[in-house]
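Our numbering puts the first residue of the sequence shown at 1286, with every later residue one more than the last. Input: a single structure, listed below in structure tokens.
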Amino acid sequence: MIDKRSYSELLHEESKKHGWGLILIAREQLKRWITQVKPRKLLDIGCHNRLLEQTVREWYSKVETFGLDITVYEVKPSVLASGDHLPFKSCTFDFVTLIETLEHIPDYVSALREVRRILRPGGVVFIQSVCCLSQHAFEGDESHFHVLHPNCLARLLKLLGMEAVESGMIHLTFYLVARKAT
């Protein structure tokens, strides 16, 4: 069992070192998906200071955004919860983002199951994460529980009932877009 207070303190320390909340590497790709999908409701898991929500509303003003995080930084998330136990009804969201988040969730498979549960049929999840090919993924951030590879993640998502529809690498960061079956 993880001591939430200690882990929260570690997250605060690491966020200051790495500039969390400012790391949207796949910005153009996310913007394209937001403007294509035109979601009514979007959940940003691991929202930090909720900067992504503001950006998404600039791209598409009709979206209702929610930010979820396990801890409070300078700005309080709209929902304080863990990514592997989402306090929402099934089929609530059209779009879910996990930007530099999945590697920080100890049970990321449960988190992805929860994402599938809260996505509406045809809903989209956009994941950005440091790739296992990066040395940084293995050192320098004590809050990482694991590192991911986009191909392995795509296979896992398929087993969970979501189909990867796009992925790419930018520097040593990957993004992956998946859609829940209709």
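A virtual CB, placed ideally from N, CA and C, is assigned to each residue, including glycine.
Reduced DSSP secondary structure (H/G/I, E/B, other) of residue i
{"i": "isoleucine 1390", "result": "coil"}
{"i": "alanine 1463", "result": "strand"}
{"i": "valine 1400", "result": "helix"}
{"i": "glutamate 1385", "result": "coil"}
{"i": "leucine 1264", "result": "This structure cannot settle anything about residue 1264, because the visible part of the chain is limited to 1286 through 1467."}
{"i": "histidine 1336", "result": "The identity of residue 1336 in the sequence shown is leucine, whereas the question assumes histidine. Reduced to three states, the DSSP call for leucine 1336 is helix."}
{"i": "valine 1360", "result": "coil"}
{"i": "serine 1367", "result": "coil"}
{"i": "methionine 1454", "result": "strand"}
{"i": "lysine 1316", "result": "helix"}
{"i": "leucine 1307", "result": "Residue placement at leucine 1307 is flagged as unreliable, the pLDDT there being 46, under the threshold of 50; a coordinate-derived value is accordingly withheld."}
Segment limits, alpha helix (DSSP H) that includes residue i
{"i": "proline 1435", "result": "1435 to 1444"}
Within 7 Å, strictly: CB atoms of residue i and residue j
{"i": "phenylalanine 1373", "j": "leucine 1404", "result": "no"}
{"i": "leucine 1445", "j": "arginine 1402", "result": "no"}
{"i": "valine 1450", "j": "arginine 1440", "result": "no"}
{"i": "glycine 1352", "j": "threonine 1386", "result": "no"}
{"i": "tyrosine 1460", "j": "glutamine 1339", "result": "no"}
Host beta strand (DSSP E) of residue i (start-end)
{"i": "valine 1415", "result": "1404 to 1415"}
{"i": "isoleucine 1330", "result": "1326 to 1330"}
Counted within 10 angstroms of its Cβ, other Cβ atoms place residue i as buried (16 or more) or exposed
{"i": "glutamate 1448", "result": "exposed"}
{"i": "valine 1462", "result": "buried"}
{"i": "alanine 1311", "result": "buried"}
{"i": "histidine 1389", "result": "buried"}
{"i": "glutamate 1349", "result": "exposed"}
{"i": "leucine 1383", "result": "buried"}
{"i": "glycine 1453", "result": "exposed"}
{"i": "lysine 1443", "result": "exposed"}
{"i": "histidine 1431", "result": "exposed"}
{"i": "histidine 1333", "result": "buried"}
{"i": "serine 1367", "result": "buried"}
{"i": "alanine 1278", "result": "With the chain represented from 1286 up to 1467, any question about residue 1278 goes unanswered, as that position is not in the structure."}
{"i": "threonine 1467", "result": "exposed"}
{"i": "valine 1381", "result": "buried"}
{"i": "serine 1414", "result": "buried"}
{"i": "glutamate 1399", "result": "buried"}
{"i": "valine 1357", "result": "exposed"}
Closer than 6 Å: residue i CB and nearest the ligand HEM heavy atom
{"i": "valine 1400", "result": "Among the ligands in the structure shown, none appear at all, so the ligand HEM cannot be discussed."}
The region 1310 to 1329 touching the region 1405 to 1413, judged by at least three CB pairs closer than 8 Å: yes
Cβ contact check for the region 1359 to 1366 and the region 1391 to 1401: 3 or more pairs under 8 Å: no
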